[in-house]
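In my numbering, the protein residues as written are 134 to 637.
For glycine and all other residues, C-beta sits at the position ideal for the given N, C-alpha and C.
Below is one structure, written out as structure tokens; the observations come after it.
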Ligand code: HEC
Ligand code: HEC
């Protein structure tokens, strides 16, 4: 029996088709949903009580089953334990609340024109919905963000996709960024290995907090261009931790806002007056917020792991068997959060301005050598952090450069990377056009040598799966997507202490 669930949204609707033998979430509907959602931000703010989805209907998958599929012994041998509170670094509520407003406050960007949320927005499922982000100088949020106006506009695209930040409060996530350049390391004085070396101050709670020290020091992400503001200038001078450095300047901006001072005093016993506030306090609060708010561990898969054997549909269980079996996915996407936290090369397409890396004979800097940039070891070329697949249905575009906007294509890429690169469809990327920026976007993919180089160091070999098995893998990715992550509107504050706008 074919059953259509029509989910009423504000000004539009998305349709998910469900049937007994096949349950596929229609990703084009997801795209429409995303675009429309961003457009309705302002209206929905006033109306947070109204649910986006009829959760009961969406969750009620069990009555569509008329076949039964056994969980294979091979799967059972590999399944992780269920996620519990003990897996997380639990933080106090007032610290989380402080982090929430800081996360959305543009006061932390040099030109006061973007915030962490610009690229990690609840309306774009903790990313930005774009292939590559538009950083400071851009305008708008999510897929409707533009490159900004004239000289004040962006100078380049941010070279990597803004990753989802679901579940990063879990202690197992001790490595940050696609290349792992921030990592917990007890041999370092600060407890972390980061690009700041010995400049990194002491007292950061965890890798998530340590990570929050860095977006503010990136010119394209938050700091701005030379001469535009003193924070950008300090960034360019390499002055992060010194007097008048990026972190001291940001702390003093916060110290000047009395509402913030009261909140910091309440959260931190070592803050007795405004001048005690440091960037470490700021980063720890932001980390607390991120880790608390975007927990996503109540998917059908989680319920199954907690013992509710009826929580997953027959198709999802079949998909789980492929994932842990013929698909070979769990070689890399394993453990409670479906990532080994290792760095692997799967030859994902490279698009955009790159990280300044060059193959022999090239000087355009459009490549991104991934993990090699951190270790200096050519064996690590093109390796990227294995991403968590939790909430995979919501977190596109996918890949370190966001080159894929179709989840099925991402799965197929893994099965035969060479074929996938040769057939790569440029039209799927989601990024605002601007002639000078767009001119660079596909240079690597359009150069046979550069494109084939992406396949030079693969950690993956071709896998033969049937289309039906791929359908089942889609069903499994559906099963690891937590329905309570769909509507994250209440995670957006209506105002922030600086008084700067939360919405453009
Ligand atoms: C202009 C867009 C942009 C802004 C603004 C931004 N980020 Fe990001 N964020 C990114 C991109 C791109 C990456 C991946 C960069 C890389 O791996 O090299 C990232 C990575 C991260 C990660 C690592 C996730 C992981 O799984 O490794 C965290 C956490 C994060 N950002 C939090 C923040 C916080 C906190 C702020 C504000 C202080 C912030 N971001 C501001 C774009 C942005
Ligand atoms: C050899 C390790 C490895 C195997 C095996 C593997 N993956 Fe991946 N996967 C990765 C890495 C590494 C990335 C990120 C690559 C990048 O961004 O350049 C990734 C990315 C993904 C993404 C995109 C996630 C995101 O947030 O961007 C999905 C979805 C995915 N894999 C699903 C699968 C499925 C399904 C299978 C089994 C058919 C599989 N993977 C097998 C290593 C692996």
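ask   = Does the distance from the CB of residue 379 to the CB of residue 388 come in under 9 Å?
value = no
request  = Within the same chain, show all residues whose beta-carbon is closer than 6 Å to that of residue 586, passing over the 5 residues directly before and after it, in chain order.
outcome  = 492
query = In terms of residue numbering, what span does the alpha helix (DSSP H) encompassing residue 426 cover?
reply = 412-426
request  = Could you name the residues of the same chain whose beta carbon sits closer than 6 Å to that of residue 468, not counting the 5 residues immediately before and after it, in chain order?
outcome  = 213
query = By Cβ distance below 8 Å, which residues in the same chain neighbour residue 237 in space, the five residues on each side in sequence not counted?
reply = 248, 249, 250, 625, 626, 629, 635
message = So for residue 531, helix, strand or coil by DSSP?
response = strand
query = Fully enclosed by the stretch 506-586, which alpha helix (DSSP H) runs are 4 residues long or longer?
reply = 540-548, 550-555, 568-571, 576-579, 581-586
task = Kindly list the residues whose CB is nearer than 6 Å to the CB of residue 278, restricted to its own chain and excluding five residues on each side of it in sequence; keep chain order.
result = 267, 271
inquiry  = Let me check one thing: in DSSP terms, what residues is residue 228 bridge-paired to?
reply    = DSSP lists no partner for residue 228.
inquiry  = Measuring only the C-alpha atoms, how far is residue 620 from residue 255?
reply    = 8 Å
query = Within 8 Å: the Cβ of residue 427 and any heavy atom of ligand 2?
reply = no
task = Would you give the residue range spanned by the beta strand (DSSP E) that residue 400 belongs to?
result = Counting along the chain, residue 400 falls outside any beta strand (DSSP E), though it belongs to the alpha helix (DSSP H) covering 391-400.
message = I need the DSSP call for residue 445, collapsed to helix, strand or coil.
response = coil
query = Roughly how many whole angstroms lie between the Cα atoms of residue 530 and residue 543?
reply = Within the model, the alpha-carbon separation for residue 530 versus residue 543 is close to 10 Å.
request  = Can you give me the Cβ contacts of residue 602 inside the same chain, cut-off strictly under 6 Å, excluding the 5 residues immediately before and after it?
outcome  = 455
ask   = Going by the beta-carbon positions, is the gap between residue 499 and residue 610 smaller than 9 Å?
value = no
request  = Reducing DSSP to helix, strand and coil, say where residue 503 ends up.
outcome  = strand
request  = Flag this pair as touching only if the stretch 332-346 and the stretch 416-423 have three or more C-beta atom pairs under 8 Å; answer yes or no.
outcome  = Contact holds: three or more Cβ-Cβ distances are below 8 Å.
message = Please identify the residue among 326, 593, 383, 295 whose C-alpha is closest to the C-alpha of residue 461.
response = 593
task = Give the DSSP bridge partners of residue 309, in chain order.
result = As DSSP reads the structure, residue 309 sits in a beta bridge with 315.
request  = Please say whether residue 259 and residue 321 have beta carbons closer to each other than 9 Å?
outcome  = Not a contact, by the Cβ cut-off of 9 Å.
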